[in-house]
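In UniProt numbering, the protein residues as written are 1 to 612.
Don't be surprised by glycine CBs; every beta carbon is placed ideally from N, CA and C.
Since the structure is predicted, the reported quantities are computational estimates derived from the model, not experimental observations.
What follows is a set of notes on a single structure, which appears directly below.
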Amino acid sequence: MKESTGADGALKVLKKVFGYSSFRKGQKEIIEALCGGRDALCIMPTGAGKSLCYQIPAVMSDGLTVVISPLISLMKDQVDALLQNGIGAASINSSLEREELSSAFSHARRKMIKLLYIAPERLDAGSFGDFLRDVDVRLVVVDEAHCVSHWGHDFRPSYLGIAPTVASLPKRPTVAAFTATATPEVRDDIVAQLALREPFTLTTGFDRANLFFHVEHPSDKNAALLRYIKQFKGASGIVYASTRKNVEAICEALRARGISAVRYHAGLSDDERARNQEAFIYDRADVMVATNAFGMGIDKSNVRYVAHYNMPQNIDAYYQEAGRAGRDGLPADCALFYGARDVATARWFIERAPGETREAARRKLRAMMDYCHTGGCLRAFMLKYFGEGGVPEKCGSCGSCTGDAELAEITTDAQKIISCVYRMAQATGGKKFGASMLVDVLRGSRRAEIMRLGFERISTWGILKDASAHDVREMIDFLIASNYLSAGDGDFPVISFTEETAPFLRSPGRLFMRKFDERAESAGKIKKSATRPLSAHDDLFELLRELRRAIAKEEGVPPYVVFTDKTLAAICETLPADEEEFLEVPGVGAAKLARYGRAFLDAVAGWKRPLR
């Protein structure tokens, strides 16, 4: 890509076009590498400003930058944002009309645009390869690059066509790969699959310091989730669930309680998914309830919380989905509501995966389960998982570091629970029972069904009578998660033994479990700054939000494309009085000053008048 302008030129573009006076960690180094024609592999956390790392070189280049992105919604958001900043950009995707496609191709050929966004599937069309060979492609950017790796959590076969396409161009362009989550194994595979040439590799660290992570083990997930969401009082949030059925039930429950919620899963029509996504992105709906079909590349900056109703299959997916929160750098909350049935669901999916990936998937699931039960720092656990070195043992800002959970030895109680499963089956000719029945027998319940089955006569009846029902259920869930017991599928899962049960009974060692205070679950435990007003002048902030919403509606773009919440908060703090002062606000460049400066300056001036 080799462009003549260097670091000083990049800094000028950063300020004049994008409205920022200094680079974030790693940005300058990546920009210099790309402007110097060197391939790059960049692992940067969500919200760290990776888009600027290739958009600035694109602006400084005389040729075309092609950005390969997995979702149409991401392309639209990015193109809208670039156009707002006065940068020529277009996308080519299946949602466009023939005239729009023709215009995008024409503008690229006539060098009227700097960036062209495409989906990886577009590379399968031979005619598109011909088009790329006709234009001056200087830089190819691969976003969500982990999708090219078989070892990644979201492998997409279409990404394998990128390297052959690059190799077919008359002059090989510089290639840059970006991702927010990649283990060392996945990083190596990205380099190989994209045929990167001695890439400049930068890992700025995976830590998202503004996110507060916590794991909840509620006895009633639905009630706990509702209490959790109510704490955010109309803020933007995402709730992930593992099945369409759960998505529908959660969305209905939220709406019944007056919470503005929409849904997203593969069972909906394309039209409804698009409508619901637009309602969420344009701040017309507060909560998006979705399966993992939603979210990759979503660029909504003001998501204040992400809740997982079900545990994902691996930490890679969890960290990426949780990372939708707080992209503006302001405090946000990430809650995982854990239950043993989540493990059974995850195992069901894994056992139906291709044989060559199954063992790796099992290892990743084991790590995810360990995260849910660890008594140590949650942030440190995830950072170490991604291979980050020098991680402090305590962050002081996660559920483990600030909560009441502690490790307790449950070896003897675990043996009693397993023995009770055996005794119940023995007393009924091999029948299996659910966790609720097992809890009641262990605690010595005399309800009619237990007496009818004669369970009060077995040796393990009442053997844990001094423990609460919640504590006993927690231990059963932990044994299921640890694969010492199994919970079957279906609406009424029953408890049975696994291949690990007998070895555990023969040589149990010492078994420790993270104990939770049920009274402290989610309510009151989240980081308070995630729910606080974002500005000292809250009334002005709301006034500016309304102005932004009106402008966004008129221009047909998401509100955060006009200005992010962080920029609005900065306006509230600095109270600019003229265009020169407004231009000093982070996120305000020359194009946005010309486009919106007068409206926002008038709003600030009008707000200040009653104060005089």
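Are there 16 or more other CB atoms within 10 angstroms of the CB of residue i, so buried, or fewer, so exposed?
{"i": "Phe582", "result": "buried"}
{"i": "Ser21", "result": "exposed"}
{"i": "Arg457", "result": "exposed"}
{"i": "Asp578", "result": "exposed"}
{"i": "Arg519", "result": "With a pLDDT of only 47 at Arg519, under 50, the local geometry of the prediction cannot be trusted, and the value read off the model is given with reservation. Exposed, since its Cβ has fewer than 16 Cβ neighbours within 10 Å."}
{"i": "Arg598", "result": "exposed"}
{"i": "Ala523", "result": "For Ala523, the predicted model reports a pLDDT of 42, less than 50, meaning its position is unreliable; a value from the coordinates is still stated below. Label assigned to Ala523: exposed."}
{"i": "Leu547", "result": "buried"}
{"i": "Pro558", "result": "buried"}
{"i": "Glu521", "result": "Low confidence applies here, because Glu521 scores a pLDDT of 48, under 50, leaving its location unreliable and the question unanswered by this model."}
{"i": "Met451", "result": "exposed"}
{"i": "Pro70", "result": "buried"}
{"i": "Gly152", "result": "buried"}
{"i": "Lys114", "result": "buried"}
{"i": "Lys364", "result": "buried"}
{"i": "Ala104", "result": "buried"}
{"i": "Gln320", "result": "buried"}
{"i": "Arg122", "result": "buried"}
{"i": "Gln193", "result": "buried"}
{"i": "Asp130", "result": "exposed"}
{"i": "Lys430", "result": "A quick correction: the sequence has Gly, not Lys, at residue 430. Gly430 comes out exposed."}
Go ahead and pull the three-state DSSP assignment for residue i.
{"i": "Gly237", "result": "strand"}
{"i": "Ala90", "result": "strand"}
{"i": "Leu202", "result": "strand"}
{"i": "Leu330", "result": "coil"}
{"i": "Ala520", "result": "Here the model assigns Ala520 a pLDDT of 44, short of 50, so the residue's position is not dependable, and the following value carries that caveat. Helix at Ala520."}
{"i": "Met475", "result": "helix"}
{"i": "Val148", "result": "helix"}
{"i": "Lys515", "result": "strand"}
{"i": "Met288", "result": "strand"}
{"i": "Phe337", "result": "strand"}
{"i": "Thr174", "result": "strand"}
{"i": "Ile495", "result": "strand"}
{"i": "Leu543", "result": "helix"}
{"i": "His214", "result": "strand"}
{"i": "Val141", "result": "strand"}
{"i": "Leu11", "result": "helix"}
{"i": "Leu575", "result": "coil"}
{"i": "Ala167", "result": "helix"}
{"i": "Glu449", "result": "helix"}
Counting only the same chain and skipping the five closest in sequence on each side, list residues whose C-beta sits under 6 Å from that of residue i.
{"i": "Ala182", "result": "Ile43 and His146"}
{"i": "Ile551", "result": "Val562"}
{"i": "Ala293", "result": "His265 and Ala266"}
{"i": "Arg138", "result": "Met1, Ser61, Gly63 and Pro173"}
{"i": "Thr498", "result": "Asn483 and Ser486"}
{"i": "Asp189", "result": "Ser149 and Trp151"}
{"i": "Lys25", "result": "Thr204"}
{"i": "Val421", "result": "Ile495"}
Given residue i, which residues of its chain have a CB within under 8 Å of its CB, disregarding the five upstream and five downstream residues?
{"i": "Ser397", "result": "Ala209, Phe212, Arg379 and Lys527"}
{"i": "Ile476", "result": "Ala340, Ile417, Ala435, Leu438, Val439, Leu485 and Ile495"}
{"i": "Thr564", "result": "Ser301, Asn302, Asp328 and Gly587"}
{"i": "Leu101", "result": "Ile92"}
{"i": "Ile410", "result": "Met475, Phe478, Leu511, Phe512 and Met513"}
{"i": "Ala167", "result": "Ala195"}
{"i": "Thr374", "result": "Phe381, Ser400 and Arg514"}
{"i": "Leu407", "result": "Gly375, Phe512, Met513, Arg514 and Lys515"}
{"i": "Gly86", "result": "Val17, Gly589, Ala590 and Ala591"}
State the CB to CB distance for the pair residue i and residue j, rounded to an integer number of angstroms; the pair is presumed to be in contact (CB under 8 Å).
{"i": "Ala108", "j": "Ala90", "result": "7 Å"}
{"i": "Leu453", "j": "Thr412", "result": "Not really, about 26 Å apart at Cβ, beyond 8 Å."}
{"i": "Val148", "j": "Tyr159", "result": "4 Å"}
{"i": "Tyr305", "j": "Pro312", "result": "That pair is no contact at about 16 Å."}
{"i": "residue 675", "j": "Arg423", "result": "Residue 675 is absent from the model: the chain starts at 1 and stops at 612."}
{"i": "Asp270", "j": "Leu74", "result": "So it is not a contact: roughly 16 Å between Cβ atoms."}
{"i": "Val191", "j": "Leu41", "result": "6 Å"}
{"i": "Leu568", "j": "Arg545", "result": "7 Å"}
By Cβ distance, which residues of its chain are closer than 7 Å to residue i, with the 5 residues on each side in sequence left out?
{"i": "Tyr385", "result": "Ile315 and Ala367"}
{"i": "residue 617", "result": "As shown, the chain starts at 1 and ends at 612. That puts residue 617 outside it, with no answer to give."}
{"i": "Glu359", "result": "none"}
{"i": "Ile259", "result": "Ile229, Asp286 and Val287"}
{"i": "Ile350", "result": "Gln313, Arg358, Ala361, Arg362 and Leu365"}
{"i": "Ala125", "result": "none"}
*Would you check if there are 3 or more beta carbon pairs closer than 8 Å linking the segment 325-336 to the segment 208-216?*
yes
*asked:* Count Cβ pairs between the segment 13-30 and the segment 38-57 that sit closer than 8 Å; are there 3 or more?
replied: yes
*Report yes or no: do three or more beta-carbon pairs, one from the segment 117-131 and one from the segment 60-72, lie closer than 8 Å?*
yes
*Is the segment 218-226 touching the segment 249-268, taking contact as three or more C-beta pairs under 8 Å?*
yes
_Meets three-Cβ-pair contact criterion under 8 Å: the segment 194-201 and the segment 276-295_ = no
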